[in-house]
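*Asks:* Be aware that the sequence shown starts at 688, since it is given in the numbering used here, and climbs by one per residue.
Backbone N, C-alpha and C define an ideal beta-carbon position, used for all residues, glycine too.
This one's a predicted model, so the numbers in the text were calculated from it and none came from an experiment.
Supplied in structure tokens, the structure appears directly below.
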Amino acid sequence: MKSPSVGQEWQYSTVHNSACKVIEEQTLWGQAVCRVWLPNQDAMVRVPRSALRPLSADLQPEIEAGRIAYVAAAAKVAEVLEGSTSATEGHVLLAPMESNVIPLPHQIRALSRAISGDRVRYLLADEVGLGKTIEAGLVMRELKQRGLARRTLVVSPKGIATQWVAEMQTHFNEQFQLVLGDDMATLGRVASAMCEVRSAVSEQTHLAPRTPHLRSNPWLLFDQVIVSLDSVKPMDKRRGWTAERVAEYNCSRFEDLITAGWDLVIVDEAHRLGGSTDQVARYKLGKGLAEAAPYVLLLSATPHQGKTDAFHRLMNLLDNDAFPDMDSVSRDRVAPYVIRTEKRKTIDADGKPLFKPRRTQMAPVAWESRHHLQRLLYEAVTDYVREGYNQALREKKRHIGFLMILMQRLVVSSTRAIRTTLERRLAALKEGEQQVSLRLAELENGVDGSENFDEIYDMDGQELLDELLKSHVSALQSEGSHVETLLDAAVRCEQAGPDAKAEALIEWIHKLQAEENEPDLKVLIFTEFVPTQQMLKEFLEARGISVVTLNGSMDMEERGAAQDAFRRSHRVLVSTDAGGEGLNLQFAHVVINYDIPWNPMRLEQRIGRVDRIGQPKTVQAINFVLEDSVEFRVREVLEQKLSVIFEEFGIDKTGDVLDSAQAGELFEDVFASAILNPDGIETSVDHTVARIRDEIQQVRETSAIYGISEEPDVQAAERLRSHPLPHWVERMTVGYLNSHGGAASRKRSWWDLNWPDGQEHRKAVFNAREADRLTDATLLNLENTRVRGLALNLPQIVAGQPLPCVTVSGLPASISGLWGLFEIRLQAGMHQKTNLLRIPVVRRGYVSVFLSEEDKLFLPTARHIWDSLQTAEAEVQATLDQDESVAAHERLQIAAEQAGQELFEALQQAHIASMAREEERGTASFASRRKAIERVGLPEVRQFRLSRCDADESEWRHELQSARQIVPEIRPLLMLRIIKGGAQ
């Protein structure tokens, strides 16, 4: 074998599957070893001389064609990743193209508005069911892509916290750590243990701990966290707790959280932060969160709720200066901070209405003679409730009033529900000790002020029942004997046979199957109570119908399994209200409300589980109600009168009033009044509906948010749909595999891919729509770190590498000359990037050049050739010899330096602008962090964190100053000799 010439010979390393330059050769103990430079890795390595081959001998036309396709496409992808702009498209939005969801026009419009300026502090107020979670996820992804956000906190009601985790993973491949109230003690212990390990290592190595602040702030363990709203709100006092214990609680739950250096805070159901005054715990939490991060997204379909003062406090969280008082809350001033789309304006990607009309009907269920015992039980429980509720009013025992109302809802739900509750109530009464649960005592005694009813309203029926049954307080004289009598009646009733509603349910299921001509019709059944859920599961399974259940006690994994079972195999899903929170079940279209929540907005939320974006069928909702009952008479009158309001204002426009604690109390009062005075139902309903109508009208006339609505941008959606990025990613990946020892096999509309290291991807697609269409397809996009790495780690070439001579189909036959593709790079600072700086330390741009045979530079032709290489194959005809390759390299390098100057200056200006934004962001962020730290109650903790904050700011300013130093670089990626005759 001929020995390579040291210092100038390019060889091919069979060990690294890469071109390499031999630097020196050494023979040691009979073994010839070469030290070579690998340009693609910018690394010096030693390899046996026997592993080197002449480069020209290994330049196979098919492999070289794959390499050309890979690099040409990868540079296009990298250009998009670098945030390129064009006159026609402006800044390319990356998040929609990289996510696993296909955004709709209104969601793309929301994203475009949210990231249009430097201040990302918005209220996302789309009407119910329009995908605010997706919009927030898109904004988060876009901020991360631009290097503006690394640490994200999501605060949501407990019932939908797990759904947030699932949706961020499913749609955006983002891992969030769910931290609920019970997890916080464990979190603190883990953080302490980690700090002890670090301290021990530091002592052994004589180094100062790098992150001593972890010891006192466990929230720094994770960069992406989801917490439930009420688990982190501060408290003023708690029965039986000392002031020191309250301070420690607030420190670990609230103060640690808001001083953890978040970049983005997202709050779902954000109207709950408005509170009734600026002193309530939820508002204090909101204020702390708003000051904890430069970027804030508040999500709420009903932000106003008929309370102008609370809405002002909500807007004040976004901008304290713009909204100093209630007079400042005007429509014109609010509009720049609100992104809102009305349901009636939403369209799909083809411009068609997004939602279909739904069919809702009441299904009265009659008591037949065989249901005589059920009727008697209902009447006996109603008498018990009436007597107990009256006594609770007289004695001002509000929690007993709630229990009595729940008893009425339980007997309407099912015999099983009232029987199991009576058993629990009797056991509680026999305890003897008179006590109220801690949570209810706090609510009843005024702890947390006027938030009390809001918190009760947030509970679903089962959760409130469980809380109430912890209380061992009699409501009536001799209540124990009352309950024993009712329990005996309930047991006899249950033994007599199925409930009337259960029999009606099976009839309705068979009827719907026949109407739909679908024997395996999927039906979603809602109930308020777990015992009813268990009864329905047993009842339906005994009749050959497969059933799966969902309730609030199930964790995320169990919920996901239940949802998946319903989608794949089971015909019926029986869910409680808590179980149904956050569900997306558009693969079903029939909802049966086995029992009905008294607030119509709760009913709307249930139906909204299937009446969602992507529902292809007309949704049917059937509402069961017992004939000849107080509930039937109230609902009959109420629905008739509310339908007039819905017709006038639209159900989506009434949510601000109906979906509130105040409305919940109104509807509770209507039903309670009907139980106490059945003859006054019409009057009571008229009074309530009149109040609701007045409030809706007032909101319509005075709300600063009413009338604000985005126009979905169909053209922007179409531009994203037709953007070639997925094609570029596909071409890049396939080209890489074909030129680097892998394999790519086309199978109809997908690929089977084998990577050089043996990893396989079967049924791989590169388009989200294709992935949605195909079962079991693997979507490969820039979310895949391996695919993304192909674009971010582009190999460069050096003078002396053989330069291929190619024809490119589709090019005019007259085009011939030298073509090159270069990366223009700006390196900011000579330091290692830290977590404090939020600007890219490396900026890249890409320029192509073409030199004609007359050595003239034609940039438009160069771009045209680059574009052509995205679809046309380059056929390798020959290679230039080494001297010719070196000369061509020098000519193209000079041309690229000339053509790339303008691009480098643009990168420089972008860097200067981002430095200014970073200085503004960092200054505001550290100021907010100090403000939050000042809230810390424990002096030693407060002082430690202020010192840590000062140190972090000092380090940040040092890094910022270092980043002002810039270094230019030009890297050749691809060089070709274009031969005449490309057109075919």
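1. Can you find the residues in the same chain that come closer than 6 Å, C-beta to C-beta, to L835, ignoring five residues on each side of it along the sequence?
2. Let me check one thing: in DSSP terms, what residues is F1509 bridge-paired to?
3. So R959 packs on L986, CB below 8 Å; how close in whole Å?
4. So if DSSP puts A907 in a beta bridge, which residue, or which two residues, is it bridged to?
5. Considering only the beta carbon of each residue, do R1531 and A765 sit closer than 8 Å?
6. Give the straight-line distance between the Cα atoms of R1592 and E935, rounded to the nearest whole angstrom.
7. In its own chain, which residues sit with a C-beta less than 6 Å from the C-beta of E829, not counting the 5 before and 5 after it?
8. Measure from the alpha carbon of F863 to the alpha carbon of each residue in D1175, T839, I847, then state which is nearest.
9. Tell me the DSSP secondary structure of F863 in three-state form.
10. Quick one: complete beta strand (DSSP E) runs, 3+ long, within the stretch 1260-1298?
11. Excluding the five sequence neighbours on either side, which residues of its own chain have a C-beta within less than 6 Å of the C-beta of L1661, listed in chain order?
12. Would you list the residues sitting across from I634 in a DSSP beta bridge?
13. Can you confirm whether A1593, when its beta carbon is compared against all beta carbons of chain C, has any partner nearer than 8 Å?
14. Consult DSSP for R1673 and reduce its assignment to one of helix, strand or coil.
15. Rounded to whole angstroms, what's the CA-CA distance from F1631 to A1248? Just pull it up for me.
16. Given a cut-off of 8 Å on the beta-carbon distance, is the pair E1029 and E822 in contact?
17. Whole angstroms are fine: how far does the CA of R754 sit from the CA of G1422?
18. Using DSSP's beta-bridge definition, name the partner residues of P1040.
19. So, at 6 Å on beta carbons, what are the nonlocal neighbours of R733 in its own chain, with the 5 sequence-adjacent residues on each side left out?
20. Please classify R1664 as buried or exposed, where buried requires at least 16 neighbouring CB atoms within 10 angstroms.
21. According to DSSP, simplified to helix, strand and coil, what is R1027?
22. Would you give the residue range spanned by the alpha helix (DSSP H) that L817 belongs to?
23. Roughly how many angstroms separate the alpha carbons of K1043 and V1306, rounded to a whole number?
24. Look at the Cβ atom of A760, then the Cβ atom of Q1250, and state whether they are nearer than 8 Å.
25. Does the stretch 1213-1224 come close enough to the stretch 1173-1180 that 3 or more CB-CB pairs lie under 8 Å?
26. So, do the stretch 903-912 and the stretch 944-951 have three or more beta carbon pairs nearer to each other than 8 Å?
27. Beta-carbon separation of Y1076 and L1313 under 8 Å?
28. Would you tell me roughly how many angstroms separate the C-alpha atoms of L1260 and R1246, rounded to the nearest one?
29. As a quick exercise: from V779, N787, G816, pick the residue whose alpha carbon is nearest that of L798.
30. Around the C-beta of R1031, are 16 or more other C-beta atoms found within 10 angstroms, so that it is buried, or is it exposed?
31. If I'm right that S1056 touches E956 with Cβ under 8 Å, what's the distance once you round it to whole angstroms?
32. Less than 8 Å between the beta carbons of V1493 and A1561, yes or no?
33. Please report how far the alpha carbon of Q1564 lies from the alpha carbon of A756, in whole angstroms.
34. Measuring alpha carbon to alpha carbon, tell me which of H1169, D1282, A979 ends up nearest C1636.
35. Span of the beta strand (DSSP E) holding C721?
36. Would you mind working out which of W1415, P1413, R1456, V1452 sits nearest S1432, comparing C-alpha positions?
*Replies:* Straight from the coordinates:
1. Counting from one through the sequence shown, the residue named residue 835 turns up at place 148. R1525, listed in sequence order.
2. Locating residue 1509 in the sequence shown gives position 822, counting from the first residue. Under DSSP, F1509 takes part in a beta bridge, and its partners are V1534, P1659.
3. Indexing the sequence shown from 1 puts residue 959 at position 272. Indexing the sequence shown from 1 puts residue 986 at position 299. That pair is no contact at about 11 Å.
4. As a first step, residue 907 is located in the sequence shown; it is residue number 220 there, counting from the start. According to the sequence shown, residue 907 is Leu rather than Ala. Beta bridge pairing from DSSP links L907 with no other residue.
5. In the sequence shown, residue 1531 corresponds to position 844, counting from 1. In the sequence shown, residue 765 corresponds to position 78, counting from 1. Yes, these two residues count as a Cβ contact at 8 Å.
6. Start at 1 with the first residue of the sequence shown, and residue 1592 comes out as number 905. Start at 1 with the first residue of the sequence shown, and residue 935 comes out as number 248. In the sequence on display, residue 1592 carries Glu and not Arg. The alpha-carbon atoms of E1592 and E935 are separated by roughly 53 Å.
7. As a position in the sequence shown, residue 829 is number 142, starting the count at 1. The residues are A782, I802.
8. On the sequence shown, position 176 is the one that residue 863 refers to. That would be T839, whose Cα lies nearest to the Cα of F863.
9. Taking the sequence shown and counting its residues from 1, one reaches residue 863 at position 176. DSSP places F863 in coil when its eight states are reduced to three.
10. Taken in chain order, the whole beta strand (DSSP E) runs of length 3 or more contained in the stretch 1260-1298 are 1277-1280.
11. Here residue 1661 corresponds to residue number 974 of the sequence shown, with the count starting at 1. Only V758, L1508 meet the Cβ criterion.
12. The requested residue 634 is not part of the displayed model; the chain covers only 688 to 1671.
13. Absent from the structure: chain C. Only one protein chain is present.
14. The structure shown has nothing for residue 1673, since the chain only spans 688 to 1671.
15. Against the sequence shown, residue 1631 aligns to sequence position 944. Against the sequence shown, residue 1248 aligns to sequence position 561. Straight-line Cα distance between these residues: approximately 45 Å.
16. Within the sequence shown, residue 1029 is the residue found at index 342, counting from 1. Within the sequence shown, residue 822 is the residue found at index 135, counting from 1. Their beta carbons are not under 8 Å apart, which means E1029 does not touch E822 by this criterion.
17. As a working note, residue 1422 is residue 735 in the sequence shown. As a working note, residue 754 is residue 67 in the sequence shown. Distance from the CA atom of G1422 to the CA atom of R754, rounded to whole angstroms, is 6 Å.
18. Counting from one through the sequence shown, the residue named residue 1040 turns up at place 353. Answer is I1034.
19. On the sequence shown, position 46 is the one that residue 733 refers to. V720, R722.
20. In the sequence shown, counting from the first residue as 1, residue 1664 sits at position 977. Buried is the call here.
21. The count along the sequence shown starts at 1 and reaches residue 1027 at position 340. Of the three classes helix, strand and coil, the one that applies to R1027 here is coil, per DSSP.
22. Here residue 817 refers to the residue found at position 130 when the sequence shown is read from its first residue. Where L817 is concerned, there is no enclosing alpha helix (DSSP H), given that its DSSP letter is neither H nor E.
23. To locate residue 1043, count along the sequence shown from 1; it is residue 356. To locate residue 1306, count along the sequence shown from 1; it is residue 619. K1043 and V1306 have their alpha carbons spaced roughly 8 Å apart.
24. Within the sequence shown, the letter at position 73 stands for residue 760. Within the sequence shown, the letter at position 563 stands for residue 1250. Taking 8 Å as the Cβ cut-off, A760 and Q1250 do not qualify as a contacting pair.
25. No: fewer than three Cβ pairs fall under 8 Å.
26. By the Cβ rule, the stretch 903-912 counts as touching the stretch 944-951, because three or more pairs are nearer than 8 Å.
27. Your numbering for residue 1076 matches position 389 in the sequence shown. Your numbering for residue 1313 matches position 626 in the sequence shown. Cβ atoms of Y1076 and L1313: not closer than 8 Å.
28. In the sequence shown, residue 1260 corresponds to position 573, counting from 1. In the sequence shown, residue 1246 corresponds to position 559, counting from 1. Taken atom to atom, the span from the alpha-carbon of L1260 to that of R1246 is near 11 Å.
29. Here residue 798 corresponds to residue number 111 of the sequence shown, with the count starting at 1. Answer by Cα proximity: V779.
30. Here residue 1031 is taken as the residue at index 344 of the sequence shown, counted from 1. Label assigned to R1031: exposed.
31. On the sequence shown, residue 1056 is found 369 positions in, with the first residue counted as 1. On the sequence shown, residue 956 is found 269 positions in, with the first residue counted as 1. In this structure S1056 is not in contact with E956, their Cβ atoms being roughly 47 Å apart against a cut-off of 8 Å.
32. For the purposes of this step, residue 1493 is taken as the residue at position 806 of the sequence shown. For the purposes of this step, residue 1561 is taken as the residue at position 874 of the sequence shown. A contact, by the Cβ cut-off of 8 Å.
33. Numbered from its first residue, the sequence shown carries residue 1564 at position 877. Numbered from its first residue, the sequence shown carries residue 756 at position 69. In this structure, the alpha-carbon of Q1564 lies about 16 Å from that of A756.
34. As a working note, residue 1636 is residue 949 in the sequence shown. Looking at the Cα atoms, A979 is the closest of the given residues.
35. As a first step, residue 721 must be located in the sequence shown, where it is residue number 34. For C721, the enclosing beta strand (DSSP E) begins and ends at 718-725.
36. The count along the sequence shown starts at 1 and reaches residue 1432 at position 745. Closest by C-alpha distance to S1432, out of W1415, P1413, R1456, V1452, is V1452.
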